[in-house]
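Novice: One structure coming up, written as structure tokens, with questions to follow.
In our numbering, the protein residues as written are 2 to 425.
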């Protein structure tokens, strides 16, 4: 562990942050802001607000306008004996008409709903939180895509830089051989061999620079800003705990289940309300008068009503069982996620340790390769070494430097992948 800490500090001391370079955090934040899915945060919030507002309107008076016309097979009428008696007294009892009409309004005002509206609002609010949490999970995956492109650019930058160093070394040897050819101490074929190797490096640099341009354009399009240069991030260590948005999603699902259960309980309570009914038509509430005359009239009624729907008891046990199954499913999803996440953390940490160990050996290999290359250059100056051996030693040293650079970036990537794994 001490060796790893020493390596981390050594890397941190060697890292230079380019003033014009985009940092990894800046790219991640820009990508999240630029990703089209981010617009759904506001859409979900607005939809939830509208739903809550509509539910709250359940407290407003409910007004129903009605109009009906009916024809009945039988109507209320006076008995024949009563009609005969009335006729002897000079009173004509016509009875109700079989065709009846009314146009009216019904108004109902909830006074006590057993907490149903409040429970419905809570369910809608929790549903909005679940949608927001699921969106956060999708947006969090954007960071990993940025990591891949960002560290890919870093690898290409280092390879281009090391290729440039290799080209400079070959140019120096090329100049030395040019002078030796002029003085007759080296053959033209030796100079041609070094020149060909330098041109080969130039070709490699051209390919690497083309790949870098493409990757930089992809990252720029993903982030919504022009990424011209990237800065090598400093080593980090993941904190304790796990703050992944998937866990927040599961917590929101459990909160939704609790709200649904409270809403289920509110269905069992009675409702108390006021009502008013009024209509204009025939017949009215005074049926005796309407049996004697057949004129339309205004009629009205006000009152209070208590209702208790005990039918909810029939499905209560099944509904509660479904909600409990939702809870169990969410808890199981959490266990599965944490299990897989722990395995991923172990793999990430193993990668970090492996690359750290390789880096501890890379510096020794580079030092030895450098000594061999310098000795070969000295031998070349005295004409006691083949040029092909020198080229081989130069390439071997460059390969060692490339390997060290790749190990360093892979270790840094492993650190940030571990940080991504825990979001901490």
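Ideal Cβ positions, reconstructed from N, Cα and C, are used throughout, including at glycine. Since the model is a prediction, treat every value here as computed from it, not as a measurement.
Which runs of the alpha helix (DSSP H) spanning at least 4 residues fall entirely within the region 79-165, listed in chain order?
Specialist: Qualifying alpha helix (DSSP H) stretches, in chain order: 81-89.
Novice: What whole-angstrom Cβ distance do residue 117 and residue 53 have, given they're in contact under 8 Å?
Specialist: About 14 Å; that fails the 8 Å criterion.
Novice: Tell me which residues share the same chain as residue 136 and place their Cβ nearer than 8 Å to its Cβ, disregarding the 5 neighbours each side in the sequence.
Specialist: Cβ within range, chain order: 38, 41, 42 and 45.
Novice: Using a Cβ-Cβ cutoff of less than 7 Å, which residues in the same chain neighbour residue 392 once the five nearest sequence positions on both sides are dropped?
Specialist: Here the set comprises 194, 195 and 198.
Novice: Roughly how far, in whole angstroms, is the beta-carbon of residue 76 from the beta-carbon of residue 97, given that I think they are within contact range, below 8 Å?
Specialist: So it is a contact: roughly 4 Å between Cβ atoms.
Novice: Taking DSSP's pairing of strands, which residues face residue 272 in a bridge?
Specialist: For residue 272, which the question treats as bridged, DSSP gives the partners 308.
Novice: Under 8 Å by Cβ, that's how I've got residue 300 and residue 279 pegged, so tell me the actual separation to the nearest angstrom.
Specialist: The pair is a contact, with the Cβ atoms about 7 Å apart (cut-off 8 Å).
Novice: Got a sec, what are the start and stop residues for the alpha helix (DSSP H) residue 261 sits in?
Specialist: Taken as a continuous stretch (DSSP letters only), the alpha helix (DSSP H) holding residue 261 covers 246-267.
Novice: Rounded to a whole number of angstroms, what is the C-alpha to C-alpha distance between residue 403 and residue 258?
Specialist: Each residue's alpha carbon lies about 55 Å from the other.
Novice: Based on Cα-Cα distance, which residue from 32, 64, 252 and 163 lies nearest to residue 226?
Specialist: It is 32.
Novice: Could you tell me if residue 191 is buried or exposed, where buried requires 16 or more neighbouring beta carbons within 10 angstroms of its beta carbon?
Specialist: Answer is buried; the Cβ neighbour count reaches 16.
Novice: Just list the residues that DSSP pairs residue 277 with in beta bridges.
Specialist: Residue 277 pairs with 108 and 303.
Novice: Please report how far the alpha carbon of residue 262 lies from the alpha carbon of residue 421, in whole angstroms.
Specialist: If I take the Cα positions, the gap works out to 35 Å.
Novice: Residue 282 by DSSP, collapsed to three states: which one?
Specialist: Of the three classes helix, strand and coil, the one that applies to residue 282 here is strand, per DSSP.
Novice: Where does residue 64 sit, in a helix, a strand or coil, going by DSSP?
Specialist: In the structure shown, residue 64 sits in a strand (DSSP, three-state: E or B).
Novice: Spell out the partners DSSP gives residue 70 in its beta bridges.
Specialist: Partner(s): 102.
Novice: Counting pairs of beta carbons, one from the region 56-65 and one from the region 101-117, are three or more of them closer than 8 Å?
Specialist: These segments touch.
Novice: If residue 159 sits next to residue 410, beta carbons under 8 Å apart, how far is it from one beta carbon to the other, in whole angstroms?
Specialist: Indeed, because the Cβ distance is near 7 Å, the residues count as touching under 8 Å.
Novice: Using the three-state DSSP reduction, which class does residue 204 fall into: helix, strand or coil?
Specialist: Note: residue 204 maps to helix in three-state DSSP.
Novice: Contact check, residue 419 vs residue 349 under 8 Å by CB: the rounded distance?
Specialist: About 4 Å; that satisfies the 8 Å criterion.
Novice: Residue 241 lies in the alpha helix (DSSP H); which residues open and close that run?
Specialist: From DSSP, residue 241 is part of no alpha helix (DSSP H); its letter is neither H nor E.
Novice: Which whole-angstrom value is the C-beta distance of residue 271 and residue 316, which I expect to be below 8 Å?
Specialist: Actually they do not touch by this definition, with Cβ atoms about 18 Å apart.
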